[in-house]
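Trainee:
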Amino acid sequence: MISAELVKETAKKVGFDLVGITSANPLSTLAPLLQERQRQGKEPEFVSSDIEDRIDPKRFFPEVKSIIMVALNYYHNTFNGEHGECNFSRSAWGVDYHRMMRGMLEQMGQTLKQIEPALTYKSFVDTGPLVERELARRAGLGWIGKNASLITPEFGSWVFLGGMAINFELEEDSPVDKDCGNCRKCIDACPAGALEEAYCVNPSRCLSYVSQRKGYLTAEERELLQNRLYGCDTCQEVCPINVKLAKDTTHKDLKPLNHLSMSLAEIASMDNSQFKARLATTAAAWRGKTNLKRNAIIALANSGDPRMAPILKSCLDDPSPVIRGYAAWALGKLPGDRAEVLQVLENALARETDARVKEEIAMVLDKLQ
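Heads up: the sequence shown at position 363 corresponds to 376 in our numbering, and the numbers run straight through without jumps.
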């Protein structure tokens, strides 16, 4: 027979750092907030537009009676290039946690099913429609901070979340009775002002979302990204609770990988084989090679280093129109021989076939002439 104690013991044996249990009741209190955020256009493009899908576990798994929420500590203090050229969110330092946690959840599910063959389950890691942070809060894993992250009493907010809906009713855990008090360090530190108020992130401003959004960014967004290639940890790094509780992960697959030592020039000019060899196994890969190359080009432009001009010139012949457009913009940002840049861009404009890239090149030429 499946019990809460057995589930928690199994989850810990599989390797999860935290585990809690909540009911299958809908997250009804979230509905008005989500509706208002949707009305204001403040919902990320990655989430379901159907609010019922996000708050009703039975939409996700009709047989659900309980939801098991799990967490992994992913924090690692440093790597050699932490304050160097490339800035990856810590969530992308190790292997892709989605794959890792899906495998662990499946192992947990199969172990429980061997004990109770009548068990059925469905797992989710980040990409499911349900609001995981609220489920985790309800399951007693932590409380929601003013930066909208789940803050756990053991590891702060440096955790990955996952869950499993099952067809057995288990004893529920109680929510953590704690909050951030009067602290507003995360709100004040956000470089883009994305934390417009406590507990409310505007994704159109949040640099983590901006770094993952495809296509062309505004001039302000390009400047604010600085050297961020994927994600942004600022609101977590300034959190006093995180500073106090942060401890290196014990999961070897979440330790820093060698892509962190790549230079901006390497990333800006990488081809498919280099992308697959160095980045494909990380969480940063999910939005594709072009996004990372684009962000590297933005970082090169923001560096103001004229020695990067040859790399940017080579990017003018990239197969991706987005990369060609950003390369032109970046060349216009760097100091150097203006006459040479004008000639290079005029030649690029003459052979360019993409309308948006032509527009980007023309804007740079207008500014330089």
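For every residue, glycine included, the Cβ atom is placed at its ideal position computed from N, Cα and C.
1) Between the C-alpha atoms of Asp246 and Ala161, what's the straight-line distance to the nearest angstrom?
2) Counting only C-beta atoms, is Leu347 closer than 8 Å to chain D at any point?
3) Alpha carbon to alpha carbon, how far is Arg226 from Trp342? Give it in angstroms, no decimals.
4) With Ala232 as the anchor, note down where its alpha helix (DSSP H) starts and where it stops.
5) For Cys196, tell me which candidate among Leu220, Asn215, Gly158 has the shortest Cα-Cα distance.
6) One question on the structure: do Pro253 and Lys198 come within less than 8 Å of each other, judged by their Cβ atoms?
7) May I ask you to report which of helix, strand or coil DSSP gives Arg241?
8) Do Val83 and Val32 have their CB atoms nearer than 8 Å?
9) Applying the criterion that 16 or more other CB atoms from any shown protein chain within 10 Å of the CB defines a buried residue, is Lys302 buried or exposed?
10) DSSP on Glu95, reduced to helix/strand/coil?
11) For the beta strand (DSSP E) containing Met177, name the first residue and the last one.
12) Any heavy atom of the ligand HEM within a distance shorter than 7 Å of the CB on Trp156?
13) Evaluate Gln249 with the Cβ neighbour count: other Cβ atoms within 10 Å of its Cβ, from every protein chain shown; 16 or more gives buried, anything less gives exposed.
14) Just checking, does the segment 36–44 make contact with the segment 62–80 on the three C-beta pairs under 8 Å criterion?
15) Note down the Cα distance separating Glu184 from Ala17, rounded to an integer number of angstroms.
16) Just the Cα atoms here: how many angstroms apart are Ala352 and Leu325?
17) Can you give the Cα-Cα distance for Ile374 and Lys55, rounded to whole angstroms?
18) Touch check for the segment 269–283 and the segment 305–312: three-plus C-beta pairs under 8 Å?
19) In chain order, what residues of the same chain lie with their CB nearer than 7 Å to the CB of Pro57, ignoring the 5 residues before and after it?
20) Classify Glu65: buried if its beta carbon has 16 or more other beta carbons within 10 angstroms, exposed otherwise.
Mentor: Taking the geometry as given:
1) Rounded to the nearest angstrom, the two C-alpha atoms are 13 Å apart.
2) Absent here is chain D; the protein component of the structure consists of one chain.
3) Cα to Cα, the separation comes out at about 18 Å.
4) First-last of the alpha helix (DSSP H) with Ala232: 232–238.
5) The shortest C-alpha separation from Cys196 is found at Gly158.
6) Taking 8 Å as the Cβ cut-off, Pro253 and Lys198 qualify as a contacting pair.
7) Looking at Arg241 - three-state DSSP - the assignment turns out to be strand.
8) With contacts defined by Cβ atoms closer than 8 Å, Val83 and Val32 form a contacting pair.
9) Buried.
10) With a pLDDT of only 44 at Glu95, under the threshold of 50, the placement of this residue in the model should not be trusted, and no figure is reported.
11) Element bounds for Met177: 172–179.
12) The model on display carries no ligand, and the ligand HEM is accordingly not part of it.
13) With 16 or more other Cβ atoms inside 10 Å of its own Cβ, Gln249 counts as buried.
14) Short answer: they touch.
15) Here the alpha carbons of Ala17 and Glu184 stand approximately 6 Å from one another.
16) Near 16 Å, if we compare the C-alpha coordinates of Leu325 and Ala352.
17) Roughly 32 Å between the two C-alpha positions.
18) Because the criterion of three Cβ pairs below 8 Å is met, the segment 269–283 and the segment 305–312 touch.
19) For Pro57, where only same-chain residues beyond five positions count, the Cβ hits under 7 Å are Pro216, Tyr222.
20) Flag for Glu65 reads exposed.
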